[in-house]
Structure formats: structure tokens, C-alpha cells
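Protein chains in written order, with this note's numbering: chain A, 1 to 170; chain B, 1001 to 1075.
Just so you know, even glycine gets a beta-carbon here, dropped at the ideal spot from N, CA and C.
All values reported here derive from a predicted model rather than from experimental measurement.
One structure is given here, and the rest of the page talks about it.
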Amino acid sequence: MDDQKKMAIIATKGTLDWAYPPFILASTAAALGYETQIFFTFYGLQMLRKDLSGLKVSPLGNPGMPMKMPFGPKWFKEINWNIPNAVQSLVPFYEDVATTLMKQTIKNNGVATIPELRELCQEAEVKFIACQMTVELFGFEHSDFIDGVEYGGAATFFEFAGETDICLFI
Amino acid sequence: MNFDKELDAKGLNCPLPILRTKKTLNEMTSGQVLRVIATDPGSVKDFAAFAKQTGNELLSSAEAGSEYTFFIKKK
């Protein structure tokens, strides 16, 4: 085995919040000199789509997610809107509103957007592999995804993952 | 301290200060010094870790108010 450090990530989630860890860790690993691959499978395929507007965040069923407003006076921003699941599930477009608010909070905090982080990964030569089986399972076409993606299966993943220093399932 | 290039990473949050630093260092030559100014409190530990792992030397790390200034010498 050579001295080159390597990291592999399996990305399985398809929401805006869970798109952060794979792209943050992969871009940082690349900056630190790691050869890095992300294997996208199941809902993780959402992160490879040309159009990322489908990535949303849902506070429904997520007691760990504080709902704070990204605008208004200080006292207003500090309120934690504790909205019961039963109400959340009934309000139309609840996820769209929550997603809009989260995007504003991200912007206010100087946190990168997902398209930005994905581009930084690509610039740093992080290799993206899409799971061909789930691409077919969900009825995607290769043309739904950005350029530079490779398509493969579990064996393709292990070929690289077996030689890594760090291997994460997200 | 003298420096050859400066990077303004104010207002940026993890991992952007490190990613921009790496990108800027790529454009520099060995031995040159980069000054980075950041406001992310997490960057203090991050820049030390970045230097240790990449072999670029962290010449100094200073805090003034809510700003952090780093001098990094390219490997």
C-alpha cells in the first residue's frame, strides 16, 4: 500500500441537511491531501442531480431540529417554535417553508450552499460514484445527473474502500 | 510579519476557510507566506490541524477581537 491517504463515504440520505456531511467531509479531506470517493446510493442519489432544488429539510418527526426564524428582531429570532407533529403534517407546503427558512439561516451563518460544496468537491477531484442498481430502481436516467459521475455497484465501492484509511456511512 | 498573499475568509464558516486556503496555496510557490483572516472561531483548531496534516507550516495564529489571523508558509 502506498503512502497516499484515502477516504471513502457512502452517502444514503436525500435531504438538504444530510447533504452537508458527505460534501463537507469529502471537500475537506481532499484539501488535506486525501484521495476521496463518495458512493451515492438510494436517496443519496438526489445529491447528484443537475437540479438540486429537490433537496428539502423536514422538521416533521425530527425532535432534534430547532425551528428558529432567520430574520426579525433578536427576541423574535430566539423563539423556538415548538410545533407539534400533528400540526406540521396537516399544514400544506410545511416542508417548503421550513426549507426556505433553513436556506436563509445557512446564508446568514456564512455556510456554503450544497451546489457550492459539490462544485468544490469536483474541483478537488473527489470521485463521485452512483449506484447503478438504485439509479434503475428509482427510474433515473444518467442524464438526470451531473457530468463526471461514474456508475458502478457494491464491488466497485469495495475496490477503493478496501484500501482506505477512513470509511464512513452517512 | 511579511507575507506574499492575503486571503480574506471573514464571514465564512467551516469548511470554507480551509478550502479557500488550500486553493490559494495551490497558486503559490514553495516558501511563500499566506496571511488568512477569518472570523470562524472553529478555524483556530482547524488551521493547526490543516498545517499538521498537509505539512504547510503555521507560522503564527493570533486572535484580535472576533478576528483570527493566520500566517502559513507553503511547503
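For residue i, which three-state DSSP category applies?
i: lysine 1045 of chain B; result: helix
i: serine 1066 of chain B; result: coil
i: aspartate 17 of chain A; result: helix
i: leucine 55 of chain A; result: coil
i: tyrosine 94 of chain A; result: helix
i: serine 1030 of chain B; result: coil
i: valine 198 of chain A; result: Residue 198 of chain A lies beyond the residue range present for chain A, which begins at 1 and ends at 170; the question has no answer from this structure.
i: lysine 127 of chain A; result: strand
i: alanine 154 of chain A; result: helix
i: phenylalanine 71 of chain A; result: coil
i: cysteine 1014 of chain B; result: coil
i: glutamine 46 of chain A; result: helix
i: isoleucine 106 of chain A; result: helix
i: glutamate 119 of chain A; result: helix
i: glutamate 35 of chain A; result: strand
i: valine 1036 of chain B; result: strand
i: isoleucine 170 of chain A; result: coil
i: glutamate 136 of chain A; result: helix
i: leucine 1025 of chain B; result: helix
i: lysine 5 of chain A; result: coil
i: isoleucine 1072 of chain B; result: strand
i: glutamate 78 of chain A; result: coil
i: glutamate 1057 of chain B; result: strand
i: isoleucine 10 of chain A; result: strand
Are there 16 or more other CB atoms within 10 angstroms of the CB of residue i, so buried, or fewer, so exposed?
i: proline 66 of chain A; result: exposed
i: glutamate 141 of chain A; result: exposed
i: proline 73 of chain A; result: exposed
i: isoleucine 1072 of chain B; result: buried
i: phenylalanine 158 of chain A; result: exposed
i: glycine 139 of chain A; result: exposed
i: alanine 1009 of chain B; result: buried
i: aspartate 51 of chain A; result: exposed
i: alanine 155 of chain A; result: exposed
i: alanine 19 of chain A; result: buried
i: isoleucine 79 of chain A; result: exposed
i: methionine 47 of chain A; result: buried
i: threonine 1029 of chain B; result: exposed
i: serine 1043 of chain B; result: buried
By the criterion of Cβ-Cβ separation under 8 Å, what are the contact partners of residue i in chain A?
i: glutamine 1053 of chain B; result: Leu32 and Gly33
i: leucine 1058 of chain B; result: None at all; the shortest Cβ gap to chain A is about 14 Å.
i: glycine 1011 of chain B; result: Gly110
i: phenylalanine 1050 of chain B; result: Ala31 and Leu32
If I'm right that residue i touches residue j with Cβ under 8 Å, what's the distance once you round it to whole angstroms?
i: glycine 148 of chain A; j: phenylalanine 128 of chain A; result: 7 Å
i: isoleucine 10 of chain A; j: isoleucine 170 of chain A; result: 7 Å
i: alanine 8 of chain A; j: cysteine 131 of chain A; result: Not really, about 13 Å apart at Cβ, beyond 8 Å.
i: alanine 982 of chain B; j: leucine 1012 of chain B; result: Only positions 1001 to 1075 of chain B appear in this structure, which leaves residue 982 of chain B out of reach.
Can you pull the chain B residues whose beta carbon is under 7 Å from the beta carbon of residue i, in chain order?
i: alanine 112 of chain A; result: Leu1016
i: leucine 168 of chain A; result: Simply none; closest approach about 15 Å.
Note down, in chain order, every chain A residue with its Cβ under 9 Å from the Cβ of residue i.
i: phenylalanine 1070 of chain B; result: Residues of chain A passing the Cβ test: none, with the nearest at roughly 15 Å.
Using a threshold of 7 Å, is the CB atom of residue i nearer than that to any non-hydrogen atom of the ligand GTP?
i: proline 59 of chain A; result: Here there are no bound small molecules, and the ligand GTP is not part of this structure.
Given that residue i touches chain A, what residues does it touch there, using C-beta distances under 7 Å?
i: leucine 1007 of chain B; result: Result: empty, since nearest Cβ-Cβ is about 13 Å, beyond 7 Å.
i: lysine 1022 of chain B; result: Ala31
Which residues, in chain order, does the segment 7–34 of chain A contribute to contact with chain B at a C-beta distance below 7 Å?
-> From the segment 7–34 of chain A, only Ile24, Ser27, Thr28, Ala31, Leu32 and Gly33 have a Cβ closer than 7 Å to chain B.
Under 7 Å (Cβ pairs) to chain B, residues found in the segment 98–110 of chain A = Listed in sequence order: Asn109 and Gly110.
Select from the segment 1028–1046 of chain B all residues with a C-beta closer than 7 Å to any C-beta belonging to chain A, and list them in chain order.
-> Shown here is that no member of the segment 1028–1046 of chain B has a Cβ falling below 7 Å from a Cβ of chain A.
For the segment 47–58 of chain A, enumerate the residues whose C-beta is nearer than 7 Å to any C-beta of chain B, in chain order.
-> Residues passing the 7 Å Cβ filter: none.
Give the residues from the segment 111–136 of chain A that approach chain B closer than 7 Å (Cβ to any Cβ), ordered along the chain.
-> The residues in question are Val111, Ala112 and Leu120.
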